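Working notes for the structure below.
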Amino acid sequence: MSLLDDLPHRCTIFRQTRSNDSLGGNKYGVVIEKTNVEVWEQQASASEIQDYEKRGIVVNTKLYFVEDPKVTERHSVLITKRLDVNSPNLSVTDVSNPDVVYVKSDTRPDASAGLGILWRVMCEKKTSRTQ
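Following my numbering, the numbering of the sequence shown begins with 1 at its first residue and continues without gaps.
Shown next, in the form of structure tokens:
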């Protein structure tokens, strides 16, 4: 059995939505797109962080998926389980939740998984320093 057969984390993928409230202002919310998706969260490398900083984009983590998750910058991902341990805070709207990551790049295939292909998404995880 290889890592590609069973990634160590699970997540829920959310899409951020915008609608008008009764006074014509903007109201923001989230819609669940996928649940119980296999994922592997890794810290972004120094060179990846620098590459995105050159474009004015903050990234500090990356997610790997077995299939293309079809996410864009309008999505956020909540890590719901790490190594069979459920996350204590399942609120995607809580910006202080350390298990929420915000997508900062389109999905790209990554061939660094040996003979298999994983789909990589660069993300920002908010911390007390980045909020």
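Glycine included, C-beta positions come from ideal geometry on N, C-alpha and C.
All values derive from a computational prediction rather than experimental measurement.
Original post:
Using 8 Å as the Cβ pair cut-off and three pairs as the minimum, do the segment 66-76 and the segment 11-27 touch?
Top reply: yes
**OP:** Evaluate VAL121 with the Cβ neighbour count: other Cβ atoms within 10 Å of its Cβ, from every protein chain shown; 16 or more gives buried, anything less gives exposed.
**Re:** buried
**OP:** Tell me where the alpha helix (DSSP H) around GLU48 begins and ends.
**Re:** 46-53
Subject >> GLU38 versus LEU23 - alpha carbon distance >> reply: 41 Å
Subject >> Whether GLU73 touches VAL103 by CB criterion (8 Å) >> reply: yes
Subject >> Neighbour-count burial assignment, ASN26, 16 or more Cβ in a 10 Å radius >> reply: exposed
**OP:** Assign ASP5 to one of three DSSP states: helix, strand, or coil.
**Re:** helix
Original post:
When burial is assigned at 16 or more other CB atoms within 10 Å of the CB, is ASP6 buried or exposed?
Top reply: exposed
Original post:
Given ILE49, which residues of its chain have a CB within under 8 Å of its CB, disregarding the five upstream and five downstream residues?
Top reply: VAL59 and ASN60
**OP:** Could you tell me which residues DSSP pairs with THR107 in its beta bridges?
**Re:** Answer is none; THR107 lacks a bridge partner.
**OP:** Counting only the same chain and skipping the five closest in sequence on each side, list residues whose C-beta sits under 7 Å from that of ASP132.
**Re:** Absent from the structure is residue 132, since the part of the chain shown begins at 1 and ends at 131.
Original post:
Under 8 Å between the Cβ atoms of LEU118 and TYR52?
Top reply: no
Subject >> For ILE32 and SER47, the rounded distance between their alpha carbons >> reply: 32 Å
Subject >> Backbone CA spacing between LYS81 and ASP21 [nearest angstrom] >> reply: 34 Å
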